Structures are given as structure tokens and as C-alpha cells.
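Enquirer:
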Amino acid sequence: MALKIDDLPAAIRLAKQELRERLPNYREVFAEVDEAIRAEASRIAAQRSRGENVIPEIQFSDIAEQRVSAEQIELVKTRGACVIRNVFDRALVEGWDRDIADYVERNDLDTRLKTRAEDKYFGQLVSSKPQIYGVYWSKPQVLARQAPSLTAARVFLNHLWRNESEGRVHFDPEHVPVYADRLRRRPPGSESLGLSAHCDGGSVERWIEGNFRKVYRHVFDGNWRRYDPFDAAFRPDVEEIASPAVCSMFRTFQGWTALTPQGPGDGTLQLVPIANSMAYILLRALQDDVADDDLCGAMPGRALSIKPEFHAPLFDALSSIPHMQAGDTVFWHSDVIHAVEDAHRGAGYSNVMYIPSAPACAKNDEYLKRQLPSFLEGKSPPDFPTDHFEVDFVGRATVNDLTPLGKAQLGFDL
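Here the UniProt record's numbering is used: the first residue of the sequence shown is 1, the next is one more, and so on.
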């Protein structure tokens with residue numbers, strides 16, 4: 001169900017009044033959070049300056065053999081992100097990249113892109129033009145989503161969450177529904193085609209909508225140290241403001257699979273690897289230097305922008321992910337701040353398939369019912385702009401390309 005707000009400034013003023021009354025010492029609590037975040041950001045910056053990776057890395061073989069240590073898991077949960085190496089065979093993925101290039105060229109996608117629908121989702125960001133293609137149903141994308149290896153990796157990630165709390169079971173971590181997303185194909189030499197720092201999965205809703213407030217109940221009560229970003233309580237119940245490209249599924253992790261080698265300087269992903277940074281963002285908006293009808297610039301139906309004038313300490317921790325090979329994946333918690341480097345100064349294409357981790361729950365089942373016809377007809381999925389480029393594309397994936405696992409993940413049995 002979508003959230004509707006008729007008078008946004010009035011809704012923000014009311015929300016801030018209610019939250020300040022609920023937390024009269026909001027200034028003092030924020031000062032504690034600010035000190036903790038600054039210290040963590042400084043540790044990350046120092047680690048990065050020493051040339052150390054700040055994003056945890058796990059070998060997929062360790063997941064498959066259940067050899068991931070408790071220390072590794074704790075680091076992933078602290079950082080809110082991880083790189084999983086060798087999820088796919090490199091030669092297989094290199095073939096997929098060639099197949100995708102052939103698919104978009106054979107169907108003259110570049111010409112169609114000139115008439116694409118404008119989703120405006122990133123319109124408030126300083127950098128807002130990543131080279132993302134509205135292609136969802138190429139055979140490589142469908143094959144990757146249903147692959148046993150990537151499924152196992154996502155089941156592992158789902159299990160990092162507390163799926164039972166507050167007297168309820170929130171989701172089934174063993175089942176991984178498909179959330180069909182797009183492609184990025186970024187040629188070398190492209191400039192100013194990145195994305196500024198932001199979060200997905202809700203903007204003004206985080207302060208206004210009732211279930212979002214329950215998700216962040218410990219933060220808004222001042223007990224921010226009790227806030228667990230991996231507690232799924234109330235997350236499958238939140239209501240987002242409907243907008244093209246606003247995700248209406250519950251994702252445990254956003255993610256992508258590398259189709260080509262890429263690394264820092266190649267127009268790649270950047271993360272603020274602090275899993276509980278949302279506590280800072282939420283309380284920052286309640287401070288007295290922010291106008292009563294403003295949430296640090298948050299806009300409905302848009303990415304939640306992170307801005308230097310309001311969130312300066314977080315930028316100290318903004319770090320590019322390590323060098324990736326074709327077949328590696330990266331995942332980041334759905335509340336983790338991320339960005340894309342503006343310039344691609346590398347030698348080759350920087351290509352990825354966006355494939356997140358999501359668990360089975362009522363919210364996601366409902367989305368699958370709306371998404372399945374999009375697959376069958378080659379249309380854009382419900383959360384995305386209504387380009388419907390692939391309706392008549394030659395070589396689009398069909399039911400015949402699905403395994404039994406693939407059919408279940410797309411919701412054929414719902």
C-alpha cells in the first residue's frame with residue numbers, strides 16, 4: 001500500500017513536533033550519536049589511508065562450505081556491506097556481458113532510449129545521470145537471478161538479519177524472490193555520470209510513516225545504542241510514497257554483480273560502510289538548525305540525499321569498493337549510504353547487473369504478483385518507468401529459460 005501525503009510541509013512540521021516531544025533531549029542524544037559516528041568515520045578513513053580494504057570480503061566457496069567465521073559476520077554487520085568473490089565463473093560472466101551487448105545493439109536500444117520515460121528519482125542529486133539501461137529481461141539477467149550460487153549467497157545474507165522479533169516472524173530467509181532491476185553499462189572516459197551520496201527505500205517516510213517510526217523506535221526513543229539495523233521488525237510493513245524507481249519490496253541488501261573488471265577510479269560504487277548511520281541521519285533532521293518544514297532536503301518519491309552541509313562526518317567514511325572481477329558481487333544493507341564515482345577513468349567498460357537480496361514475506365509476495373505479468377509480456381516492472389522497451393525485443397528471456405527455482409523466485413506458484 002502506498003503512502004500519500006497531501007500537504008508535505010505541514011506533515012513534516014507535525015512529524016518533527018511529535019518526534020521532539022517524544023525525545024525532549026534530542027539535542028543531547030544527537031550529540032552522542034554525532035560523536036560515535038565521527039569516531040567510526042575517522043577509523044574508516046585511517047584504515048583507507050593505510051591502503052586497507054574497508055569493505056569486508058568473503059569467498060563464495062566459504063559460504064557454500066559454511067566456513068564464514070563469526071568474526072567475518074560481525075564485521076559485515078558493522079560495515080553493513082560485503083564483497084562476495086567468485087560467485088560466478090569468470091568466463092561465464094564474460095560471455096553474459098557479450099550477450100547483453102549483442103542484445104541491446106541488436107534491438108537498437110540506444111535509439112529507444114531517446115524517448116524513455118524520465119523517472120526523476122535521482123533528480124535532486126548533484127550527480128544524477130548514471131548510465132543505467134531500462135533492461136530487465138535479457139537472458140543473462142534471468143539466468144543470473146535464478147543461479148544456485150547467487151541464490152545461496154543471498155540466503156546467507158538474509159540469515160544475517162533477525163527475522164523473528166517483537167513476537168513475530170518477519171520473513172523466510174531461505175527463499176529469495178526476484179526483484180528485477182536494471183543494467184549499468186558505462187564506457188571508459190565518461191564524466192559526470194555518477195550518483196551523489198544517497199539512500200534508497202524511503203525518504204520523508206522514514207520520519208512520517210508509522211511503521212518506519214517503529215523500525216527506528218529505539219533511535220526516536222533516544223536509546224540509539226539498542227538500534228539494530230539487522231532487526232527486521234516492522235520493515236516488511238512500511239509504506240513508501242509511490243514513484244517510478246522507488247523500491248516497494250523489502251530488500252535485506254541491495255547489490256550488483258560485476259560483468260567486467262572494475263575498481264576505484266572506474267566510475268564504480270562508493271559506500272559509507274557504517275551500518276547504523278541511519279541513526280545519525282534521522283536525528284540530524286530534528287536539530288534546531290534545520291527548518292521546521294525541512295528534513296535536511298529530503299524529497300518525497302526521491303532518493304534520500306546525503307548532503308555535506310548537514311551530514312559532513314559521513315563523507316569522511318565514503319569509500320570506493322575494492323577492485324572487482326567479472327563474477328564478483330557486492331551487497332550493501334538497504335539503509336547504507338552509497339554513491340557512484342562521477343568519472344570513469346579506466347580502460348574498459350564498467351558493467352554490472354543490479355541484483356539485490358530479498359526474502360519471502362507478504363510484502364514481497366504482493367510485488368511478485370504485480371511483477372510476473374511484466375516478465376511474461378516483456379514490460380518494465382511495476383517499480384520502474386513505463387518504458388516497456390523489451391516487449392518486442394528479439395532474444396528476450398521467456399518461461400522456457402526458467403528453471404523450477406527460477407519459476408518459484410518469480411512467483412509462478414503464488
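Virtual Cβ for every residue (Gly too), placed ideally from N, Cα, C. Only a predicted model underlies this, so the values are computations on that prediction, with no experimental measurement involved.
Do you know offhand how far Asp119's Cα is from Asp342's?
Expert: Any answer about Asp119 is weak, because its pLDDT of 48 lies below 50 and its placement is not dependable; what the coordinates show is given next. One C-alpha to the other measures close to 20 Å.
Enquirer: Confirm, please, whether the CB-CB distance from Val93 to Gly255 is below 8 Å.
Expert: Not in contact: Gly255 and Val93 (Cβ atoms no closer than 8 Å).
Enquirer: When the distance is taken between beta carbons, is Ala358 closer than 8 Å to Arg206?
Expert: No. Outside cutoff.
Enquirer: What separation, rounded to the nearest whole angstrom, lies between the Cα atoms of Ala362 and His175?
Expert: Approximately 12 Å, taken between the alpha carbons.
Enquirer: Measure the Cβ-Cβ separation of Phe315 and Cys296 and say whether it is below 8 Å.
Expert: No, Cβ-Cβ distance for Phe315 and Cys296 is not below 8 Å.
Enquirer: Is Ile100 helix, strand or coil when you go by DSSP?
Expert: Of the three classes helix, strand and coil, the one that applies to Ile100 here is helix, per DSSP.
Enquirer: Considering Cα atoms alone, identify which of Ile63, Leu8 and Ala2 is closest to Asp292.
Expert: If we check each option's Cα against that of Asp292, Leu8 comes out closest.
Enquirer: In whole angstroms, what separates the C-alpha of Tyr121 from that of Val204?
Expert: Only weak support exists for where Tyr121 lies, its pLDDT of 43 falling under 50; the value from the coordinates is given anyway. Each residue's Cα considered, the two are about 14 Å apart.
Enquirer: Quick check on Tyr26: does DSSP put it in helix, strand or coil?
Expert: The answer is helix: DSSP assigns Tyr26 an H, G or I state.
Enquirer: I'd like the list of long-range same chain contacts for Phe156, defined as Cβ closer than 8 Å, with 5 residues on each side in sequence excluded.
Expert: Hits under 8 Å: Ile63 and Val68.
Enquirer: Straight-line CA distance for Ser42 to Arg85?
Expert: One C-alpha to the other measures close to 27 Å.
Enquirer: The beta strand (DSSP E) that contains Leu183, what's its start and end?
Expert: Element bounds for Leu183: Leu183 to Arg186.
Enquirer: Does the beta-carbon of Leu402 have 16 or more other beta-carbons within 10 angstroms, so that it is buried, or is it exposed?
Expert: Result: buried.
Enquirer: By the three-class DSSP mapping on this structure, what secondary structure does Phe171 have?
Expert: It is coil, neither helix nor strand.
Enquirer: If you run the structure through DSSP and keep just helix, strand and coil, what is Glu21?
Expert: Residue state, collapsed to three classes: helix.
Enquirer: What does the alpha-carbon distance come out to for the pair Glu209 and Glu240?
Expert: Rounded to the nearest angstrom, the two C-alpha atoms are 8 Å apart.
Enquirer: Enumerate in chain order the residues of its own chain whose CB-to-CB distance from Ser380 is below 7 Å, with the five nearest sequence positions on each side excluded.
Expert: So the qualifying residues of the chain are Gly134, Tyr136, Ser374, Thr386, Asp387 and His388.
Enquirer: Which residues bound the beta strand (DSSP E) around Gly255?
Expert: From DSSP, the beta strand (DSSP E) with Gly255 extends over Phe253 to Ala258.
Enquirer: At the level of alpha carbons, what is the spacing between Gln131 and Pro188?
Expert: If I take the Cα positions, the gap works out to 12 Å.
Enquirer: Measure the alpha-carbon distance for Ser149 versus Leu286 and round it to whole angstroms.
Expert: So the two alpha carbons sit approximately 44 Å from each other.
Enquirer: Which same chain residues, not among the five before or five after Ile12, have their C-beta less than 8 Å away from its C-beta?
Expert: Cβ within range, chain order: Val204, Trp207, Ile208, Asp292, Asp293, Asp294 and Leu295.
Enquirer: Considering Ile208, what are the terminal residues of the alpha helix (DSSP H) in which it resides?
Expert: Glu205 to Ile208 is the span of the alpha helix (DSSP H), which, as asked, contains Ile208.
Enquirer: Let's test the definition: count the other Cβ atoms within 10 Å of the Cβ of Lys4 and tell me whether it reaches 16, buried, or not, exposed.
Expert: It counts as exposed.
Enquirer: Measure the CB-CB distance between Phe88 and Ala147 and report whether it falls below 8 Å.
Expert: Result yes, Cβ atoms of Phe88 and Ala147 sit closer than 8 Å.
Enquirer: Would DSSP call Val54 helix, strand or coil?
Expert: Coil, per DSSP.
Enquirer: For Val330, which residues of its own chain have a beta-carbon under 8 Å away from its beta-carbon, when the five flanking residues on both sides are left out?
Expert: So the list reads Ile55, Ala81, Cys82, Val83, Ile84, Gly255, Trp256, Ala258, Leu269, Ile321 and Met324, once near-sequence residues are dropped.
Enquirer: Assign Arg185 to one of two classes, buried (16 or more other C-beta atoms within 10 Å of its C-beta) or exposed (fewer than that).
Expert: Classification for Arg185: buried.
Enquirer: So does the stretch 269-279 actually touch the stretch 223-237, counting three or more Cβ pairs closer than 8 Å?
Expert: With a cut-off of 8 Å, the stretch 223-237 and the stretch 269-279 count as touching, because enough Cβ pairs lie within range.
Enquirer: Verify whether the separation of the beta carbon atoms of Phe220 and Arg226 is less than 8 Å.
Expert: No.
Enquirer: Mark Leu125 as exposed unless 16 or more other C-beta atoms lie within 10 angstroms of its C-beta, in which case mark it buried.
Expert: Residue placement at Leu125 is flagged as unreliable, the pLDDT there being 44, under the threshold of 50; a coordinate-derived value is accordingly withheld.
Enquirer: Classify His338 as helix, strand or coil using the three-state DSSP reduction.
Expert: In this structure, His338 counts as strand in the three-state DSSP scheme.
Enquirer: Restricting to Cα atoms, I'd like to know which of Ala15, Asp335 and Ser248 is closest to Cys199.
Expert: Nearest option by C-alpha distance: Asp335.
Enquirer: Quick check: the Cα distance between Arg98 and Ser138, rounded to an integer number of angstroms?
Expert: Computed Cα separation, rounded: 12 Å.
Enquirer: Assign Ser61 to one of two classes, buried (16 or more other C-beta atoms within 10 Å of its C-beta) or exposed (fewer than that).
Expert: So Ser61 counts as exposed.
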